[in-house]
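Asker:
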Amino acid sequence: MKTLASSPGFLTRIGAPISVIAAALLALVIVACSILASWIAPYDPTNLASFDLMNAELPPAFTAEGDSRFILGTDNQGRDLLSAMLYGARVSIAIGGGAVLLAATLGVTLGLLAGYFGGRVDALIMRIGDVILSFPTILLALLVSGIARAVFPGAATAEWAPVILICAIAIHEWVQYARTVRAATMVETAKDYVRAAKVIGLPPRRIMLRHILPNVMSPVLVISTINLAAAVLTEATLSFLGVGMPPTYPSLGTLIRIGNEFVFSGIWWIALFPALALVILVLAVNVVGDWLRDRFNPKLRVKR
Amino acid sequence: MNAQQPPVLAIEGLRVEYPLANGTVFTAVENASLVIRPGEIHALVGESGAGKTTIGNTVMGLLEKPGRIAAGTIHIDGRKFDPAKGSAEGVVLGRDVGAVFQDPMTSLNPLFTIESQLTEAMRFHLKLDNAQARARALELLQAVGIPEPQRRLKAYPHQLSGGQRQRVVIAAALSCGPKLVVADEPTTALDVSVQAQILKLLRDLADQRGIGILLVTHNMGVVAQIADRVTIMHRGQVVETGTTEEVLRRPKAVYARALIGAVPRIDARLDRFPVLGEEGKGRAEQARTELRARAERSTQTADDTPILSVENLCVDYNTSGWLPGSKGHRFRAVDGVSFSVRRGEVFGLVGESGCGKTTIANVVSGLVRPTSGQVLYRGRSIAGEGAVRRIGPLRQAIQMIFQDPYSSLNGRMRIGSILSEPILFYRLAGSKAEAESDVARLIEAVGLDAEAAQRFPHAFSGGQRQRLSIARALGARPKLIVCDEPTSSLDVSVQAQILNLLKDLRDATGLTLLLISHDLAVVRQMCDRVAVMRQGNLLEQANAETLFERPQHPYTQELLSLVPTLDRIRGETRAA
Numbered sequence: 000m001k002t003l004a005s006s007p008g009f010l011t012r013i014g015a016p017i018s019v020i021a022a023a024l025l026a027l028v029i030v031a032c033s034i035l036a037s038w039i040a041p042y043d044p045t046n047l048a049s050f051d052l053m054n055a056e057l058p059p060a061f062t063a064e065g066d067s068r069f070i071l072g073t074d075n076q077g078r079d080l081l082s083a084m085l086y087g088a089r090v091s092i093a094i095g096g097g098a099v100l101l102a103a104t105l106g107v108t109l110g111l112l113a114g115y116f117g118g119r120v121d122a123l124i125m126r127i128g129d130v131i132l133s134f135p136t137i138l139l140a141l142l143v144s145g146i147a148r149a150v151f152p153g154a155a156t157a158e159w160a161p162v163i164l165i166c167a168i169a170i171h172e173w174v175q176y177a178r179t180v181r182a183a184t185m186v187e188t189a190k191d192y193v194r195a196a197k198v199i200g201l202p203p204r205r206i207m208l209r210h211i212l213p214n215v216m217s218p219v220l221v222i223s224t225i226n227l228a229a230a231v232l233t234e235a236t237l238s239f240l241g242v243g244m245p246p247t248y249p250s251l252g253t254l255i256r257i258g259n260e261f262v263f264s265g266i267w268w269i270a271l272f273p274a275l276a277l278v279i280l281v282l283a284v285n286v287v288g289d290w291l292r293d294r295f296n297p298k299l300r301v302k303r
Numbered sequence: 000m001n002a003q004q005p006p007v008l009a010i011e012g013l014r015v016e017y018p019l020a021n022g023t024v025f026t027a028v029e030n031a032s033l034v035i036r037p038g039e040i041h042a043l044v045g046e047s048g049a050g051k052t053t054i055g056n057t058v059m060g061l062l063e064k065p066g067r068i069a070a071g072t073i074h075i076d077g078r079k080f081d082p083a084k085g086s087a088e089g090v091v092l093g094r095d096v097g098a099v100f101q102d103p104m105t106s107l108n109p110l111f112t113i114e115s116q117l118t119e120a121m122r123f124h125l126k127l128d129n130a131q132a133r134a135r136a137l138e139l140l141q142a143v144g145i146p147e148p149q150r151r152l153k154a155y156p157h158q159l160s161g162g163q164r165q166r167v168v169i170a171a172a173l174s175c176g177p178k179l180v181v182a183d184e185p186t187t188a189l190d191v192s193v194q195a196q197i198l199k200l201l202r203d204l205a206d207q208r209g210i211g212i213l214l215v216t217h218n219m220g221v222v223a224q225i226a227d228r229v230t231i232m233h234r235g236q237v238v239e240t241g242t243t244e245e246v247l248r249r250p251k252a253v254y255a256r257a258l259i260g261a262v263p264r265i266d267a268r269l270d271r272f273p274v275l276g277e278e279g280k281g282r283a284e285q286a287r288t289e290l291r292a293r294a295e296r297s298t299q300t301a302d303d304t305p306i307l308s309v310e311n312l313c314v315d316y317n318t319s320g321w322l323p324g325s326k327g328h329r330f331r332a333v334d335g336v337s338f339s340v341r342r343g344e345v346f347g348l349v350g351e352s353g354c355g356k357t358t359i360a361n362v363v364s365g366l367v368r369p370t371s372g373q374v375l376y377r378g379r380s381i382a383g384e385g386a387v388r389r390i391g392p393l394r395q396a397i398q399m400i401f402q403d404p405y406s407s408l409n410g411r412m413r414i415g416s417i418l419s420e421p422i423l424f425y426r427l428a429g430s431k432a433e434a435e436s437d438v439a440r441l442i443e444a445v446g447l448d449a450e451a452a453q454r455f456p457h458a459f460s461g462g463q464r465q466r467l468s469i470a471r472a473l474g475a476r477p478k479l480i481v482c483d484e485p486t487s488s489l490d491v492s493v494q495a496q497i498l499n500l501l502k503d504l505r506d507a508t509g510l511t512l513l514l515i516s517h518d519l520a521v522v523r524q525m526c527d528r529v530a531v532m533r534q535g536n537l538l539e540q541a542n543a544e545t546l547f548e549r550p551q552h553p554y555t556q557e558l559l560s561l562v563p564t565l566d567r568i569r570g571e572t573r574a575a
């Protein structure tokens, strides 16, 4: 859906304003750069042998003391900041995307069940959701990754940290999907085509997947874009707080945390550039998501 | 009547246009003229999309943008209507023109009391103070026949029944002493008995207060009962206009004749409804013959067991909260109903809204579980006490047709996959290709073109969708089809076609039909036996002829006498 929304032809054809097209293009460029990081980055920031402490904390190339080898300067380890950001964006987007995917799958499934069966099933699922929503996102995510680290020693490693982060973020976000899908499912279930499917004798699983699901998907796609931005931000916050990605595999959030320690020593670039990249990415995705939400809002759309 | 008095509404050569996005113009009303004199009820009839509501809205100045008056003049109470202002000079909507809308459930604001809604217009337009306005509101409620008006003034809309709300809406329309009232389908959302009262009220208001009423409706019976003059519209054009008696008894235009012919009669049973241009006749018959051959192969030897019997059925609806210990309400929708349906007959279940007829349809088709009692299909219990556990194959034998053709087909699926679903699910076809040819045959059997399978539901009109919905029900090769108000959301001419189709299909395939309807004329035309329900109880069941000629129960007699029909035309009854 991301690629569908990001292709400019599609957007102009359905009448998107220029700002949305620009935002979609920007998001597309950032995503493309991060995917192609291994090819376009000047250095490999994950290869510890490739950087030299002698190059640490070099300012960006365009400043007076800049080094032309490092366009955006280097961090405290002598790592090329541009390369680190490209790889970091990839980590951030992968975790954000993974969290959205997991949350959407979980939320849509539970929402369908709650809306279709109603009664006890509905009450149980939605009350669990209410309890989860009563915790702030970050607190819950901190809790999950904290527990994971305590019971599972490998949790902080580069292999497992993304999985833990995805789970920690998704555990909060599925509720929003479940609520939306539940409400839409209740509306659809009351319609005659669902009654017709029941009269034919189709089993509930088939009615839910084949008949109801396609009719409740458009709000899900819309929430997903907005949640993608939120998930990237949550990941950055967690990494900033030190429970996210390890410094050897930095995400944008990890880079900002590292940079944060040096801001007051006049080394501003380590924090500024990753932060800018994050802001632009989140803003771009949000603009597209907002526009999609308005466009697919059933109240603003002419029915039938 | 009152031919000397100046007309309260005079429309001449009106054309209303809607510019479309692609630059072309849609003409909703073309060259329409009509005159309403004081005390006259002028009915504007036609099927959906005929432009009748557009005229009503234009007169009230409620024409929605980008609609515009392209030609013609409107005079209200002798004053010229100014299209730019959306009103006539010195004529105010709410004071000189009153409005009554279709749905009394939504035309009152649920947050305000009846008093504040009634007095609002009077305080604003007539500058009455609160006490004067209240006194007049009381008078109005009395005039429209609301019992205990003093108490009702303080009531909120939800505390009144549908009929009472419509009376309040009429009272509000009258509050400032209008010369003209525009009533757009004022009784369509109401039951027959309430409809009869509202119609009488409108007639009395015209006679006693000399108000001119523009009555927009699709119901010919309503027209016959209260209108002085009729204008029939078709696709934006005025097809015929004249006194009610002239138009209904001796229609000249072909369309007017077809429209009047399509109205189901309650006085005598006809073989078929006369309709204009039936679709796909030859191929449909061939497809139906094939359906019949298939049906006969699968039918066992005839026996006397009724195909469906409902025994002592009770259904309660509970509204309970999810918290343990929270008490819910219990409402008994069906209370000890028993009847049986013989193989091959059409059994009608009639009653007003809320009488439990749809609940019975839902129980029979397995959508709702009975609280007690049982439903037997060919002697085997399928719902309630002692129901067989493996219900699957029996479920296949009972299919359903729904009221609203717009929501009964899944908009995200092609017609082909909608119709093949029951065929594939019950493995009634050996292969995908066989299922496809079955679907094609079903589509042809309901009088459409087989290539419809490739399209989505939104490409079809309401009537066509209802045909497809029937085709889907036939796909499972049922023995019994439950039809829940199959035509009540369709235009009369389409209704006639669908009812003909159901008759033809029954004759061709030996189906049994359980027809649920509030429309007594439809039931008369379709059914062999009829049961009448009220408030969850079955009052009377008899052969259709017996029931309509000699109804036993007083409620049935009352219902029959209240249905507005074409044989009691206003002008004639007056003269007689």
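One line per chain: the protein sequences are A and B, in this order. Counting along the first sequence from 1, when you hit position 11 you're at 10 in numbering that gives the first Met the number 0, and nothing is skipped either side. Counting along the second sequence from 1, when you hit position 215 you're at 214 in numbering that gives the first Met the number 0, and nothing is skipped either side. Note that CB positions come from ideal geometry on N, CA and C, so glycine has one too. Remember, predicted model here, so these are calculated numbers, not experimental data.
Within its chain, find whatever has a CB closer than 6 Å to the CB of B/P18; leave out the 5 residues flanking it on each side and keep chain order.
Answerer: Only V24, P65 meet the Cβ criterion.
Asker: I need the straight-line Cα distance from B/P392 to B/N218, nearest angstrom please.
Answerer: Rounded to the nearest angstrom, the two C-alpha atoms are 42 Å apart.
Asker: Identify the continuous alpha helix (DSSP H) that holds A/C166 and give its terminal residues.
Answerer: Start and end: 160-188.
Asker: Would you kindly check if the distance between the Cβ of B/R14 and the Cβ of B/V28 is under 8 Å?
Answerer: For B/V28 and B/R14, yes; Cβs fall inside 8 Å.
Asker: Would a C-beta distance cut-off of 8 Å place A/T26 and A/L275 closer than the cut-off?
Answerer: First, the residue type needs correcting, since residue 26 of chain A is Ala and not Thr in the sequence shown. Cβ distance not < 8 Å, so A/A26 and A/L275 don't count as in contact.
Asker: Under the DSSP definition of a beta bridge, which residues are partnered with B/Q494?
Answerer: For B/Q494, which the question treats as bridged, DSSP gives no partner whatsoever.
Asker: Answer with yes or no whether the minimum CB distance from B/F330 to chain A is below 8 Å.
Answerer: It does not: the Cβ of B/F330 has no partner Cβ on chain A nearer than 8 Å.
Asker: Return the residues of the segment 178-197 of chain A that lie within a Cβ-Cβ distance of less than 7 Å from chain B, sorted by chain order.
Answerer: Against chain B - using a Cβ distance shorter than 7 Å - the residues of the segment 178-197 of chain A are K190, D191, Y192, R194, A195, K197.
Asker: Can you pull the chain B residues whose beta carbon is under 7 Å from the beta carbon of A/I199, in chain order?
Answerer: In chain order: E420, P421, F424, A475.
Asker: At a cut-off of 7 Å, would you count B/P369 as near the ligand GDP, judging by its Cβ distance to the nearest heavy atom?
Answerer: Absence of the ligand GDP is noted for the structure shown, with no ligands found whatsoever.
Asker: Taking C-alpha atoms, which residue in B/V529, B/L501, B/S32 lies nearest to B/D270?
Answerer: Of B/V529, B/L501, B/S32, the residue nearest in Cα terms is B/L501.
Asker: With burial defined as no fewer than 16 other Cβ atoms inside 10 Å of the residue's Cβ, what is the status of A/I202: buried or exposed?
Answerer: Note on residue identity: the sequence assigns Pro, not Ile, to residue 202 of chain A. By the neighbour-count rule (16 or more Cβ atoms within 10 Å), A/P202 is not buried but exposed.
Asker: For B/C313, name the three-state secondary structure that DSSP assigns.
Answerer: In this structure, B/C313 counts as strand in the three-state DSSP scheme.
Asker: Compute the Euclidean distance between the alpha carbons of B/R569 and B/D227, then round it to the nearest angstrom.
Answerer: Rounded to whole angstroms, B/R569 to B/D227 spans 7 Å at the Cα level.
Asker: What residues match up with B/T230 in a beta bridge as DSSP calls it?
Answerer: The partner list for B/T230 (beta bridge, DSSP) reads B/L43, B/T240.
Asker: Please confirm if the segment 221-229 of chain A is in contact with the segment 145-165 of chain A, defined as three or more CB-CB distances below 8 Å between the two stretches.
Answerer: Cβ pair count under 8 Å is below three, so no.
Asker: Can you list, in chain order, the residues of its chain whose CB lies under 7 Å from that of A/T2, leaving out five sequence neighbours each side?
Answerer: Residue placement at A/T2 is flagged as unreliable, the pLDDT there being 45, under the threshold of 50; a coordinate-derived value is accordingly withheld.
Asker: Would you kindly work out how many angstroms separate the C-alpha atoms of A/V286 and A/I29, rounded to a whole number?
Answerer: Using only the alpha carbons, I get a separation of about 15 Å.
Asker: Can you list, in chain order, the residues of the segment 197-229 of chain A whose Cβ is nearer than 7 Å to any Cβ on chain B?
Answerer: Flagged, chain order: K197, V198, I199, G200, L201, H210, P213, N214.
Asker: With a 10 Å radius around its C-beta and 16 neighbouring C-beta atoms as the bar for buried, classify B/M104 as buried or exposed.
Answerer: B/M104 should be labelled exposed.
Asker: Output, in chain order, the set of chain A residues within a Cβ distance shorter than 8 Å of B/F547.
Answerer: Those within 8 Å of B/F547 in chain A number zero; the least Cβ separation is about 30 Å.
Asker: Tell me the DSSP secondary structure of B/M412 in three-state form.
Answerer: Of the three classes helix, strand and coil, the one that applies to B/M412 here is coil, per DSSP.
Asker: Between the beta-carbon of B/G287 and the beta-carbon of B/A507, is there less than 8 Å?
Answerer: The residue you asked about is not Gly; residue 287 of chain B is Arg in the sequence shown. Their beta carbons are under 8 Å apart, which means B/R287 touches B/A507 by this criterion.
Asker: In this structure, what does DSSP give as the bridge partners for B/K79?
Answerer: According to DSSP, B/K79 bridges with B/H74.
Asker: Check whether the Cβ atoms of B/F455 and B/G385 lie closer than 8 Å to each other.
Answerer: Their beta carbons are not under 8 Å apart, which means B/F455 does not touch B/G385 by this criterion.
Asker: State the DSSP-derived secondary structure class of A/N54, mapped to helix, strand or coil.
Answerer: Residue state, collapsed to three classes: helix.
Asker: Indicate the three-state DSSP secondary structure (helix, strand or coil) for B/C482 in the structure shown.
Answerer: Strand at B/C482.
Asker: Classify A/I255 as buried or exposed, calling it buried when 16 or more other Cβ atoms lie within 10 Å of its own Cβ.
Answerer: Buried: at least 16 other Cβ atoms inside 10 Å.
Asker: Taking DSSP as the reference, what is the three-state secondary structure of A/F134?
Answerer: Looking at A/F134 - three-state DSSP - the assignment turns out to be coil, as it is neither helix nor strand.
Asker: Using a C-beta to C-beta distance shorter than 9 Å, which residues of chain A count as neighbours of B/G391?
Answerer: Ordered by position in chain A, the residues that pass the 9 Å Cβ test against B/G391 are G200.
Asker: Is there contact between the segment 162-177 of chain B and the segment 101-115 of chain B, where contact requires at least three CB pairs shorter than 8 Å?
Answerer: Result yes; three or more Cβ-Cβ pairs closer than 8 Å.
Asker: For the segment 402-413 of chain B, which residues have a beta carbon sitting closer than 9 Å to at least one beta carbon of chain A?
Answerer: Listed by position, the residues of the segment 402-413 of chain B near chain A (Cβ gap below 9 Å) are Q402, D403, P404, Y405, S406, S407, L408, N409, G410, R411, M412.
Asker: For B/R533, which three-state DSSP category applies?
Answerer: B/R533 falls in the strand class under three-state DSSP.
Asker: Could you check where the beta strand (DSSP E) with B/E11 kicks off and where it finishes?
Answerer: From DSSP, the beta strand (DSSP E) with B/E11 extends over 8-18.
Asker: Within the continuous alpha helix (DSSP H) that includes B/L348, where are the two ends?
Answerer: Careful: B/L348 lies outside any alpha helix (DSSP H), inside the beta strand (DSSP E) at 345-349.
Asker: For the alpha helix (DSSP H) containing B/Y376, list its first residue and its last residue.
Answerer: Element bounds for B/Y376: not the alpha helix (DSSP H) but the beta strand (DSSP E), 371-376.
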